[in-house]
Amino acid sequence: MTIRLGDVVPDFDAETTEGPIRFHEWLGDSWGVLFSHPRNFTPVCTTELGQVARLKPEFDRRNVKVIGLSVDPLDAHEKWAQDIAETQGYAPNFPLIADPDRTISGLYDMIHPNASDTMTVRSVFVVGPDKKLKLSLTYPASAGRNFDEILRVIDSLQLTAQHAVATPANWKDGEDVIIVPSVSDEAAKEKFPGGWKTLKPYLRMVAQPGK
Ligand code: BEZ
1 MTIRLGDVVP DFDAETTEGP IRFHEWLGDS WGVLFSHPRN FTPVCTTELG
51 QVARLKPEFD RRNVKVIGLS VDPLDAHEKW AQDIAETQGY APNFPLIADP
101 DRTISGLYDM IHPNASDTMT VRSVFVVGPD KKLKLSLTYP ASAGRNFDEI
151 LRVIDSLQLT AQHAVATPAN WKDGEDVIIV PSVSDEAAKE KFPGGWKTLK
201 PYLRMVAQPG K
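For the sequence shown, position 49 matches number 49 in full-length UniProt numbering, and the numbering has no gaps at all.
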């Protein structure tokens with residue numbers, strides 16, 4: 001099943017390292033990141049889970065719940081956690097879904113048979129509090145993801161959900177943003193009383209709201 005931006009993401013029941021969950025209920029009013037890793041006891045995945053555990057306070061600060069998934073069974077997740085702690089200095093501090101029958105992987109189109117019949121690709125789904133898909137990414141098994149980038153784009157998603165702005169290339173929290181073209185100069189005067197810089201009529205830069 002293809003899940004597109006703006007779709008309500010599929011709900012599911014899952015066994016996780018923190019007990020059984022129903023996904024939408026588990027998300028509650030939070031944002032969510034659901035990410036798959038191809039297999040347990042593999043090198044790149046080991047580093048990724050260590051990085052997500054290290055960054056967990058940053059996800060918490062943004063009201064984002066993080067949950068991993070692989071097709072390995074629950075007992076393998078528990079054994080592997082010890083290796084992650086030993087080699088990465090951080091044990092998983094977020095739930096990992098066990099999806100040995102690949103029900104959830106199928107629901108989220110995480111298995112790409114021309115890449116591998118048996119393992120998931122490295123998928124990332126960022127879900128808003130409305131349960132709608134805000135962003136998805138697909139990486140191959142050979143490339144570990146940059147979870148700082150995922151936090152960066154969550155900053156953009158959360159900002160642009162609240163204000164009539166967009167964020168430019170390579171933007172980071174605290175930097176100037178773009179007034180969206182649908183806001184007229186007249187309306188912008190009310191929304192951005194501190195003023196803005198017009199580089200082109202369609203490219204108006206303004207200080208990040210709320211900073
Ligand atoms: C890894 O995590 O290192 C990995 C997993 C599956 C295939 C290739 C690499």
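Glycine included, every Cβ here is placed at the ideal spot set by N, Cα and C.
Taking a C-beta distance under 8 Å as the contact criterion, Asp29 and Pro95 do not qualify as a contact pair.
Setting aside the 5 residues that flank it on each side, Gly50 is surrounded in the same chain by Ile84, Gln88 and Tyr90, each with a C-beta closer than 6 Å to its C-beta; the list follows chain order. Here DSSP, grouped into helix, strand and coil, assigns Val52 to helix. With respect to Val121, Leu135 sits apart: the two C-beta atoms are not nearer than 8 Å. With fewer than 16 other Cβ atoms inside 10 Å of its own Cβ, Asn114 counts as exposed. By the Cβ test, the segment 55 to 65 is not in contact with the segment 162 to 170, since fewer than three Cβ pairs between them sit closer than 8 Å. Per DSSP, reduced to three states, the secondary structure at Leu5 is coil, with no helix or strand assignment. With a cut-off of 7 Å, the C-beta of Pro43 is classified as near the ligand BEZ, since at least one heavy atom of the ligand falls inside that distance. Counting along the chain, the unbroken alpha helix (DSSP H) around Gly106 starts and ends at Thr103 to Leu107. For Thr138, no alpha helix (DSSP H) segment is defined; the enclosing uninterrupted segment is the beta strand (DSSP E) at Leu133 to Tyr139. Here the segment 66 to 77 makes contact with the segment 31 to 47; the two share three or more CB pairs at distances below 8 Å. Val9 and Leu107 have their C-alpha atoms spaced approximately 9 Å apart.
For a cut-off of 8 Å, the C-beta gap from Ile179 to Ala169 is around 16 Å, too long to register as a contact.
Taking the Cβ of Ala76 as the reference point, every heavy atom of the ligand BEZ lies at 7 Å or farther away.
One Cα belongs to Gln208, the other to Pro193, and the distance between them is close to 12 Å.
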